[in-house]
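Student: Residue numbers (the numbering used here), protein chains in the order written: chain A, 928 to 1076; chain B, 606 to 939. What follows is a single structure, and I will ask about it in a moment.
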């Protein structure tokens, strides 16, 4: 059985190292600096995430009106929006993709676009980065794409 | 409240003191690191740990009831409610030890119950859990290390007090160091953004800014790509921005060193107060303020406990609608 001093040091070691690992997660996976206990609150601005679902129509690619979705799909969309804002790339778009295909049976494919704003210290302006995920019927999971088809 | 030794307790430095420094050669690495925070006075350490335990569990219980009253849709209120009851019982178990040693065995078990409740809350709220919740969890886990045997208890109390000192210093250091790493404090970019977003920051920093700057910052739309620049010319504003992380990093080692601790605690409390004028994260402020008070040999935290308990009760009653002020309590970010 480790001594109490050793156990205390394990806890303190975690407190000392986790914020540094957390900084790595923010840089690599766009994790929200304010979340996951990295003690990086009030370090940078984290405006809410923009999430839009796009589908093909006669007019071209159009945004799906969230109000037209059923309650369960809207809840899944909101859940994704909140969890993605906190977890960044660590939150997969797959569950939302599955739910959207189930809710929109006439769509062969959809695109989930995620826009993240962040404060760029170099320019002191808000800059955006957008991730896009292709959801195709008959294909398992979502595929990250650079631009919409 | 007395700071005198209790019956059966030996004074620090006495020939058989359980707090007598362990000879350097036989000290483990863990012990040597913890000892950098100095040796707490044996005459006061039990009283300090008792106050800290009660403070943390009261804080946890209050926060839990406030969370429960504001629980978002989809959160399991059953588990949250159970954990709130658990923390309230744990806080209750910790109370008798403040007056006599009879309740010590139960008091020692109380933070273990509290830690389990906090882990349940972490599971419920992850990944949206507040940073200050993690600080609370770490502190409760450390206080749960107190043993209930005679010599073992005195030794573990020393470990706990030293660990809490390290915890406060590490939290303070990292909050400053992270600000440095993200680079949005050098020219005051983040504070300028916050002035643009929230009245409370605008009011706080208005004296350091020109009216034109305030108006310009307030006109930016934070949901607009390219909004900005969140930058101002005011030298005072930039100094204030950089003073935040410099103070946080600078005070951390001063908290560790016993000779500078009192001064560092006072300065850290002032810094905390100044930050709260803008941030208004009172949940964090109360928790961290309590941790800072617990670092002092004088029984400041114990003296403050009745006031803290009264504030906790008022907050819960207001949030529950029994007293006015529910909207204000909601802004406290418990």
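Ideal placement from N, C-alpha and C gives every residue a C-beta, glycine not left out.
Run through the DSSP bridge pairs and tell me what residue 1057 (chain A) is partnered with.
Tutor: A:1042
Student: In its own chain, which residues sit with a C-beta less than 7 Å from the C-beta of residue 643 (chain B), not counting the 5 before and 5 after it?
Tutor: 863
Student: Any C-beta of chain B within less than 9 Å: which residues of the region 1037-1055 of chain A qualify?
Tutor: 1042, 1044, 1046, 1047, 1048, 1049, 1050, 1051, 1052, 1053, 1054, 1055
Student: Please state whether the Cβ-Cβ distance between residue 655 (chain B) and residue 702 (chain B) is less than 7 Å.
Tutor: yes
Student: Assign residue 761 (chain B) to one of two classes, buried (16 or more other C-beta atoms within 10 Å of its C-beta) or exposed (fewer than that).
Tutor: buried
Student: What would DSSP say about residue 1037 (chain A), mapped onto helix, strand or coil?
Tutor: strand
Student: Spatial neighbours of residue 720 (chain B) within its chain, please: C-beta separation below 8 Å, excluding the five flanking residues on both sides.
Tutor: Contacts found: 742, 745, 746, 749.
Student: Measure the C-alpha to C-alpha separation of residue 1003 (chain A) and residue 1020 (chain A) and round it to an integer number of angstroms.
Tutor: 10 Å
Student: Check the DSSP bridge columns for residue 1070 (chain A) and list the partner residues they point to.
Tutor: In the DSSP output, where bridge partners are listed per residue, residue 1070 (chain A) has A:1061.
Student: With burial defined as no fewer than 16 other Cβ atoms inside 10 Å of the residue's Cβ, what is the status of residue 968 (chain A): buried or exposed?
Tutor: buried
Student: Going by C-alpha distance, which of A:1071, A:1035, A:1049 is nearest residue 1065 (chain A)?
Tutor: The closest CA to that of residue 1065 (chain A), considering only A:1071, A:1035, A:1049, is found on A:1035.
Student: Give the secondary structure of residue 831 (chain B) by DSSP, where H, G and I count as helix, E and B as strand, and everything else as coil.
Tutor: coil
Student: For residue 1000 (chain A) and residue 1011 (chain A), I'd like the C-alpha separation in whole angstroms.
Tutor: 16 Å
Student: From the DSSP output, read off the bridge partner residues of residue 940 (chain B).
Tutor: Because chain B is modelled from 606 through 939, residue 940 (chain B) falls outside the range shown and cannot be assessed.
Student: In chain A, what lies closer than 8 Å to residue 829 (chain B) by C-beta?
Tutor: 1053
Student: Got a sec: is the Cβ-Cβ distance from residue 1057 (chain A) to anything in chain B below 7 Å?
Tutor: no
Student: Within 10 angstroms of its Cβ, does residue 915 (chain B) collect 16 or more other Cβ (buried), or is it exposed?
Tutor: exposed
Student: My assumption, with CB atoms under 8 Å, is that residue 699 (chain B) sits in contact with residue 712 (chain B). Please give the rounded CB distance.
Tutor: About 5 Å; that satisfies the 8 Å criterion.
Student: Helix, strand or coil: which one does DSSP assign to residue 804 (chain B)?
Tutor: helix
Student: By Cβ distance below 7 Å, which residues in the same chain neighbour residue 892 (chain B) in space, the five residues on each side in sequence not counted?
Tutor: 664, 737, 740, 741
Student: The region 970-983 of chain A: which residues have C-beta closer than 7 Å to a C-beta of chain B, in chain order?
Tutor: 970, 971, 972, 974
Student: Does the region 677-691 of chain B come into contact with the region 930-938 of chain B, if we say contact requires no fewer than three beta-carbon pairs (one atom in each stretch) closer than 8 Å?
Tutor: no
Student: Is residue 1062 (chain A) near residue 1037 (chain A), with beta carbons less than 7 Å apart?
Tutor: yes
Student: Per DSSP, what kind of secondary structure is residue 945 (chain B) in: helix, strand or coil?
Tutor: Chain B is shown from 606 up to 939; residue 945 (chain B) falls before or after that span and cannot be answered.
Student: Roughly how many angstroms separate the alpha carbons of residue 821 (chain B) and residue 795 (chain B), rounded to a whole number?
Tutor: Those two C-alpha atoms are separated by around 15 Å.
Student: Within its chain, find whatever has a CB closer than 6 Å to the CB of residue 887 (chain B); leave out the 5 residues flanking it on each side and keep chain order.
Tutor: 937
Student: Would you kindly check if the distance between the Cβ of residue 773 (chain B) and the Cβ of residue 896 (chain B) is under 7 Å?
Tutor: yes
Student: Quick one: is residue 716 (chain B) buried, meaning 16 or more other Cβ sit within 10 Å of its Cβ, or exposed?
Tutor: buried
Student: Is the region 948-962 of chain A in contact with the region 854-868 of chain B, if contact means three or more CB pairs nearer than 8 Å?
Tutor: Taking one beta carbon from each stretch, the region 948-962 of chain A and the region 854-868 of chain B have fewer than 3 pairs nearer than 8 Å; the two do not touch.
Student: Leaving out five residues on either side along the sequence, give the residues of the same chain with a beta carbon under 7 Å from the beta carbon of residue 676 (chain B).
Tutor: Closer than 7 Å at the Cβ level, and outside the excluded window around residue 676 (chain B), lie 682, 685.
Student: Which partner residues does residue 710 (chain B) have in the DSSP bridge list?
Tutor: According to DSSP, residue 710 (chain B) bridges with nothing at all.
Student: Output, in chain order, the set of chain B residues within a Cβ distance shorter than 9 Å of residue 928 (chain A).
Tutor: In chain order: nothing, as chain B lies at least about 11 Å away.
Student: May I ask you to report which of helix, strand or coil DSSP gives residue 753 (chain B)?
Tutor: In the structure shown, residue 753 (chain B) adopts coil according to DSSP, grouped into three states.
Student: Closest to residue 1059 (chain A) by C-alpha separation, out of A:1071, A:994, A:976, would be which residue?
Tutor: A:1071
Student: Under DSSP, the beta strand (DSSP E) around residue 978 (chain A) begins and ends at which residues?
Tutor: 977-984
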